[in-house]
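Chemist: In the working numbering, the protein residues as written are 21 to 454.
Structure provided below as structure tokens; questions to follow.
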């Protein structure tokens, strides 16, 4: 989370049978939404693209293949007389890629399809869910104009791109800045979702829409993990539309610890020096300050305890006290907890030392990834590094629960690398409207 402080010391169209002995060309394959329902859209952009457009193929390969010539006798179209094996059957036409723009996706079939698509994107996080983005908008939206773009291939949802327009002042007057929803302060991963094989089609549909839209001056595509292949998909799509990227940079990193196995197995994979340091700090805290106990605050008590958590965070990190003391930040943590605590996604933990709380953390646990969202500790125990010990114990808890990744989220604070974390790089692309 931006602004977080270092933890000190965490179904196809049916074929029409033809009359026997009559040669007929196959009926063209219909495109678009075959459901017969009128889409609830603000505007529509339609593009045709070959069905095999992939990130690992050049742009020229995205053209639809030319139909193969007929051989004589032509293949029968009568379902009672199927084509003989080896007969050349014409290939289907190119898929129809359609982008629909919605002012709201609070409910309905496409909202449900968004939720289902999340499960097919290995890089989707809790930050990409409609519930998280709704919570963000209720807290920080203000006058920000938001929209959700859905991309469809022959009527099938293949991508979702939530964006937001902010008006900012500049030397030349107000400018419209378009970004992905989620903001820059509280959301660690940003951007679209899709199946991996649909990245380029989704990026291209959005960039085509962008090129025809006059309501923006600058487009900032930030918070995109390099390994998700979204940055490369947007580079190719922008180049195809001759939109110039004025900034292509490394925006931040999210250090992550690969889990798998129990806590002892995770510890055994650490370099000896790091492993011994964590064990030593844990033993010292228990010996000199009291018995250690990692406690998860019951769901029914979490919301009421968040103000105290944020107050302690402000005391722990005086240089960031202003961030933690902001009223909208207190509102944000409560809103996020109310949205996710019942499903055990939002979790508040405390490290009790000698029966008293010495450190606390807020985590977001989603689809096998434990994300350390923020942390705090008792400044009077700073010399014992209760924050470091608590994150060590949380990694153990995540391992024992079968989580696959412990994500320390945005920021390259030195403490994060004591647990053997490796950086997941986030990139940002900026485009100016010419």
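Just so you know, even glycine gets a beta-carbon here, dropped at the ideal spot from N, CA and C.
From 153, 172, 170, pick the residue whose C-alpha is nearest to that of residue 164; which is it?
Modeler: Comparing Cα-Cα distances from residue 164 to each of 153, 172, 170, the minimum goes to 153.
Chemist: Can you tell which of 284, 434, 243, 220 has the C-alpha that lies nearest to the C-alpha of residue 259?
Modeler: Nearest C-alpha to residue 259: 220.
Chemist: May I ask you to report which of helix, strand or coil DSSP gives residue 345?
Modeler: The answer is helix: DSSP assigns residue 345 an H, G or I state.
Chemist: Checking the sheet assignment: what are the DSSP bridge partners for residue 424?
Modeler: Per DSSP, none; premise fails for residue 424.
Chemist: For residue 392, which of helix, strand or coil comes out of DSSP?
Modeler: Here residue 392 sits in strand by DSSP.
Chemist: Note down, in chain order, each residue of its chain lying with its Cβ closer than 6 Å to the Cβ of residue 372, except the 5 sequence neighbours on either side.
Modeler: The residues are 313, 315.
Chemist: Do residue 131 and residue 125 have their CB atoms nearer than 8 Å?
Modeler: Yes, the Cβ-Cβ distance between residue 131 and residue 125 is below 8 Å.
Chemist: For the pair the stretch 201-221 and the stretch 231-239, tell me if three or more CB-CB distances fall below 8 Å.
Modeler: Contact fails: fewer than three Cβ-Cβ distances are below 8 Å.
Chemist: Tell me which residues share the same chain as residue 158 and place their Cβ nearer than 7 Å to its Cβ, disregarding the 5 neighbours each side in the sequence.
Modeler: So the qualifying residues of the chain are 355.
Chemist: Curious, which full-length beta strand (DSSP E) runs of at least 3 residues does the stretch 192-256 contain?
Modeler: The qualifying runs are 195-200, 238-245.
Chemist: Going by CA-CA distance only, name the one from 149, 269, 143 that's closest to residue 135.
Modeler: Looking at the Cα atoms, 149 is the closest of the given residues.
Chemist: Checking 8 Å against the spacing of the C-beta atoms, do residue 438 and residue 408 come in under that value?
Modeler: Yes. Within cutoff.
Chemist: Which two residues bound the contiguous alpha helix (DSSP H) that contains residue 175?
Modeler: That residue, residue 175, is in no alpha helix (DSSP H); it is neither H nor E in DSSP.
Chemist: Does the Cβ-Cβ distance between residue 366 and residue 322 come in under 8 Å?
Modeler: Closer than 8 Å, so yes.
Chemist: Hey, quick one: how far does the beta strand (DSSP E) through residue 438 stretch, first residue to last?
Modeler: Segment: none, residue 438 is in no beta strand (DSSP E) and carries neither H nor E.
Chemist: On a CA-only basis, which of 423, 280, 379 is nearest residue 402? Give me that one, please.
Modeler: Taking only the C-alpha atoms, the option nearest residue 402 is 379.
Chemist: For the pair the stretch 168-181 and the stretch 421-429, tell me if three or more CB-CB distances fall below 8 Å.
Modeler: Segments in contact, no.
Chemist: Using 8 Å for Cβ pairs, my map puts residue 453 next to residue 269. What's the rounded Cβ distance?
Modeler: So it is not a contact: roughly 19 Å between Cβ atoms.
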